[in-house]
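Enquirer:
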Amino acid sequence: MAFNCFVNKNELSNKLGELQNITNKRGTLAALNNVLLEVEDQGIVMTGTDLEVGLKLIVSGQVNETGTITIPSKKLFEIVRESAGESIHLEEKENHWITITAGKSTYNVAGIPSEEYPRFPDYDEDGFISFESHIFLDLVDKVIFSIAGEHENIYSLTSVLFEKEKKENGSYLRMISSDGHRLSIMEKDVATDVDGLNLSEVTLIPKKGVQELRKFCENRDTIELAFEDKQLVVRDGEAVMVIRLRQGQFPHYQSILDSIATDNKLSIPRIPFLESLKRTDIFTEDVFHTIQLSIEAGSMVITSQHADIGSAKDELSIEYEGESMQLMFNCRYFIDALQVMESEVVKAYIDTQNSPCLLQGDDDPGFTSVIMPMQL
Amino acid sequence: MDSGRKIIHIDMDAFYASIEQRDNPRLRAKPVIVGGHPASRGVVAACSYEARAYGIHSAMACAQAYRLCPRAEFIKPRMARYKEVSERIMAIFANYTDLVEPLSLDEAYLDITENKLEQQSATLLATTICNHIVTETGLTASAGVSCNKFVAKIASGLKKPNGISVIEPTRVDQFIAGLPIHTFHGVGAVTAAKMKSLGIHNGHDLRGWSREKLITHFGKQGDFYYNIARGIDTRPVNPERIRKSIGAERTLAQDTTDTGFLMLLLEQLAQRVHATAHRFDFTFQTVTLKLRYHDFTTITRSSTTPHAMTSIEELIEVASRLFKQATAKTRKIRLIGVSIGKLQARSSRKPRQLSLPFQLR
Chain A
255 MAFNCFVNKN ELSNKLGELQ NITNKRGTLA ALNNVLLEVE DQGIVMTGTD
305 LEVGLKLIVS GQVNETGTIT IPSKKLFEIV RESAGESIHL EEKENHWITI
355 TAGKSTYNVA GIPSEEYPRF PDYDEDGFIS FESHIFLDLV DKVIFSIAGE
405 HENIYSLTSV LFEKEKKENG SYLRMISSDG HRLSIMEKDV ATDVDGLNLS
455 EVTLIPKKGV QELRKFCENR DTIELAFEDK QLVVRDGEAV MVIRLRQGQF
505 PHYQSILDSI ATDNKLSIPR IPFLESLKRT DIFTEDVFHT IQLSIEAGSM
555 VITSQHADIG SAKDELSIEY EGESMQLMFN CRYFIDALQV MESEVVKAYI
605 DTQNSPCLLQ GDDDPGFTSV IMPMQL
Chain B
10 MDSGRKIIHI DMDAFYASIE QRDNPRLRAK PVIVGGHPAS RGVVAACSYE
60 ARAYGIHSAM ACAQAYRLCP RAEFIKPRMA RYKEVSERIM AIFANYTDLV
110 EPLSLDEAYL DITENKLEQQ SATLLATTIC NHIVTETGLT ASAGVSCNKF
160 VAKIASGLKK PNGISVIEPT RVDQFIAGLP IHTFHGVGAV TAAKMKSLGI
210 HNGHDLRGWS REKLITHFGK QGDFYYNIAR GIDTRPVNPE RIRKSIGAER
260 TLAQDTTDTG FLMLLLEQLA QRVHATAHRF DFTFQTVTLK LRYHDFTTIT
310 RSSTTPHAMT SIEELIEVAS RLFKQATAKT RKIRLIGVSI GKLQARSSRK
360 PRQLSLPFQL R
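If you read the sequences in order, they're chains A and B.
FYI, my numbering numbers position 372 of the first sequence as 626, with every residue one higher than the one before it.
FYI, my numbering numbers position 45 of the second sequence as 54, with every residue one higher than the one before it.
#1: Can you name the residues that DSSP bridges to B:I423?
#2: Leaving out the 5 sequence neighbours to the left and right, which residues in its chain are closer than 6 angstroms to B:C56 when beta-carbon positions are compared?
#3: So, using beta-carbon positions, are B:G212 and B:T297 closer together than 8 angstroms?
#4: I want to verify the contact list: residues of chain A whose CB lies under 8 angstroms from the CB of B:F367, in sequence order.
#5: I'd like the list of long-range same chain contacts for A:M595, defined as Cβ closer than 7 angstroms, with 5 residues on each side in sequence excluded.
#6: Go ahead and pull the three-state DSSP assignment for B:G51.
#7: Please list the partners that A:V541 has in chain B, where partner means a Cβ-to-Cβ separation under 8 angstroms.
#8: Could you list which residues in chain B have their beta carbon closer than 8 angstroms to that of A:P627, in chain order?
#9: Measure the Cβ-Cβ separation of A:T320 and A:F257 and say whether it is below 8 angstroms.
#10: Less than 8 angstroms between the beta carbons of B:L352 and A:I510, yes or no?
#11: Pick helix, strand or coil for B:R301, following the three-state DSSP scheme.
#12: Use the C-beta contact count for A:P505: other C-beta atoms within 10 angstroms, 16 or more gives buried, fewer gives exposed.
#13: Can you grab the Cα-Cα spacing for the pair B:S113 / B:R288, in whole Å?
#14: Touching or not, the region 401–421 of chain A and the region 357–375 of chain A, by the rule of three or more beta carbon pairs under 8 angstroms?
#15: Which complete alpha helix (DSSP H) runs does the region 32–118 of chain B hold, if anything under 4 residues is left out?
#16: Across the region 312–320 of chain B and the region 235–245 of chain B, are there enough close Cβ pairs to call them in contact, namely three or more that are closer than 8 angstroms?
#17: Could you name the residues of the same chain whose beta carbon sits closer than 8 angstroms to that of A:Q629, not counting the 5 residues immediately before and after it, in chain order?
#18: Within the continuous alpha helix (DSSP H) that includes A:Y643, where are the two ends?
#19: With respect to the alpha helix (DSSP H) encompassing A:Y426, which residues constitute its N-terminal and C-terminal limits?
#20: Could you give the distance in angstroms between the alpha-carbon of A:E577 and the alpha-carbon of A:A515?
#21: Is there a Cβ from chain B that is less than 8 angstroms from the Cβ of A:M554?
#22: Using only the alpha-carbon positions, how far apart do B:G240 and A:L547 sit?
#23: Is the Cβ-Cβ distance between A:L266 and A:A493 less than 8 angstroms?
#24: Enumerate in chain order the residues of its own chain whose CB-to-CB distance from B:R252 is below 8 angstroms, with the five nearest sequence positions on each side excluded.
#25: Using the DSSP secondary-structure output, state which residues sit across from A:M582 in a beta bridge.
#26: Short of 8 angstroms in beta carbon distance, which residues of its chain neighbour A:K469, apart from the five on each side in sequence? Order them along the chain.
#27: Output needed for A:I497: all residues of its chain with C-beta closer than 6 angstroms, excluding positions within five of it in sequence on either side, in chain order.
#28: Under 8 angstroms between beta-carbons, which chain B residues line up against A:N452? List them in chain order, please.
#29: Keeping to the same chain, check which residues put their C-beta closer than 6 angstroms to that of A:E575; ignore five residues upstream and five downstream.
#30: In the DSSP output, which residue or residues are listed as bridge partners for A:P326?
#31: When you compare the region 416–423 of chain A with the region 439–452 of chain A, are there three or more beta-carbon pairs, one atom per stretch, that lie closer than 8 angstroms?
#32: Does DSSP put B:Q128 in a helix, in a strand, or in coil?
#33: The beta strand (DSSP E) that contains A:D376, what's its start and end?
#34: Along chain B, which residues have their Cβ under 7 angstroms away from the Cβ of A:T353?
#35: A:V624 CB to nearest chain B CB: under 8 angstroms?
#36: If contact means a Cβ-Cβ distance below 7 angstroms, which residues of the region 573–586 of chain A contact chain B?
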């Protein structure tokens, strides 16, 4: 049956925008660059998937005829975004041609029948728990930068580890990420009882899923969430996202934390430290972005050298009473961590030049960053 | 023919194992194997002459070496130590000539056509250098002396250990003519088998073939074979040769789609490549897989990591991943190869990013 409907331009544009990251992946299956349009009585149900993350959104509209088609996602998004007028008219013609009318513009786009489009994963309608979405925004933002790239050899590190914990004083959710050289942990207490969250022993959310989860939360105040055997389902009244979880083991991060001695402490003003690192980074060499930290009681000198450009030196007042230390780090690791922190002063615990450095801040409850140094 | 050059190829005898035996009297006169643990997937990096008597040789799987000689002493390589000794040996060479091209920690070409002692006799100079090495390090070396790299390298293996072979320019032709084809540098097992099927069994047979015919059968390598059959090897001794990559490949006796077999082969190739990298004390950041299909279409797939890799496990893992991604399992494969790039001498004092001391739970 050939469909025929009118929808609001802005709503369609926004929702197509949400789908773009998912549908525009360069892949092998041409169908995945399309968005599935299912025109039903209340409006259009739009679906996009890259087989790892699937997203289904409802666009309300005035429907004259129902029907189903798939259409290139990026093209449709561009047409809608650039169109004048408030309303968009979509109509299916013979041989799967779609005519899109907006104001005085008319476009004809070749659609592809929906038979080849992957089926949206099934999920259980029960077992959802409601959360304020800022909780997940915060969890993701504090760990997303240290997820390993796809080339990482410990495969599980390409995902975020998700954990829940019930302590005496309440319920906690936790995300942990590591690229093998640094580790980020973010823990948040939640008002909701987490008992109903059905986590498996090791719950791994792949990086792409974490990115899309973040985007989903960005556009909404509250979300409902359910973990199933192999997938995470997130939804609100008009959208559902299904994220495929990865299987595997995650390294035992707690033993790293336990091994860090906390008696040698530095207190460093966060913003001046961050700015100083950014300046010094101009003179670091690619890949490793090495800086030297020369730490003495009361001061820290940051230096870097670039074989072709020159060198940089910066000095910072810090609170420190221990012995002098010479350390080397990838300064990007510090920049990434300091950027997501909020405390005025960060506390750094460094024991020796070969052991991990732990960062925390009084106004960053639940956040821990661990960074391994470099060595000559 | 006679280029007038005098080239010495010096090859330390069982270098790593000899250092271990010298440093640790307990190991002397015993079969010593430097390499992985017998239970590991590692290979023999070096073994003492006592171990060789059991049929053990380098690049053999440690597990097999253990079966051949369970009482052998398995020693974990101490690369820093070998590197240190190697530097002393290279410093010895510098007393005689600046034209030294190290091939690895324990092997080098020396162009002594003009040397610092103004010694005319290459043979005498080779003896002097080998004696110098023994006095200063307590280790023995073997040397091959001739007028080019190709012959010098083969010659150094003739009187191992602790021996010097001289192939004068006038004897080069005769020497090459008598060499079995599989001992030619640059002729692998598959090429050797192919040559034998064509009736080429030694240097003399090879010489009977025209340049054109060799190129028809062996591609551009044919040109190289044509030249070396005539003792022509003009490659200079290059003191600044920088290795950009290390690779190994194998042409299969029969084209196949057998993934299990190919993976096994890939592992063996990776082990060979890794052994070479290890010998040079190189780390690597890039792994490249090469596949040639039955129809001669060739593909390469690379993966580069942000950190420097060192371990054989990592190399095999990346190579296998590339292999799984590259092959559709339907096309027959004719050649498989693996190479590593973005090499970096581990000791070049570049800072190294340390990893978190993770343990998988």
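Even glycine gets a Cβ: it sits at the ideal position worked out from N, Cα and C.
Being a predicted model, the structure only gives us computed values, none of them experimental.
Expert: With the given structure in hand:
#1: The question about residue 423 of chain B has no answer here: the residues shown for chain B are numbered 10 through 370.
#2: A26, I42 and I65
#3: no
#4: Neighbours of B:F367 on chain A, chain order: I408, S432, G434, P505, H506, Y507 and I510.
#5: R524, G615, D618 and F621, listed in sequence order.
#6: coil
#7: P315
#8: L363
#9: yes
#10: No, the pair does not count as a contact, with Cβ atoms beyond the cut-off.
#11: In the structure shown, B:R301 adopts extended strand secondary structure according to DSSP, grouped into three states.
#12: Burial of A:P505 is indicated by the presence of at least 16 other C-beta atoms within 10 angstroms of its C-beta.
#13: 6 angstroms
#14: no
#15: 58–61, 71–77 and 88–102
#16: No: the two stretches stay apart, fewer than three of their Cβ pairs being nearer than 8 angstroms.
#17: M582, Q607 and N608
#18: Because chain A in this structure spans residues 255 to 630, residue 643 of chain A falls outside the shown range and cannot be described.
#19: Element bounds for A:Y426: not the alpha helix (DSSP H) but the beta strand (DSSP E), G424 to S432.
#20: 15 angstroms
#21: no
#22: 58 angstroms
#23: no
#24: Excluding sequence neighbours, B:R252 sits near F289, F291 and L352.
#25: A:Q546
#26: E272 and N275
#27: V307, G463 and L486
#28: Simply none; closest approach about 21 angstroms.
#29: Taking A:E575 as the centre and dropping the five residues before and after it, the same chain places the C-beta of A551 closer than 6 angstroms to its C-beta, in chain order.
#30: According to DSSP, which records beta bridges pairwise, A:P326 is partnered with A:N288.
#31: Of all C-beta pairs linking the region 416–423 of chain A to the region 439–452 of chain A, three or more are shorter than 8 angstroms, placing the two stretches in contact.
#32: coil
#33: For A:D376, there is no enclosing beta strand (DSSP E), as DSSP gives it neither H nor E.
#34: Those do not exist, as A:T353 stays about 40 angstroms from chain B at its closest Cβ, beyond 7 angstroms.
#35: yes
#36: M582 and N584
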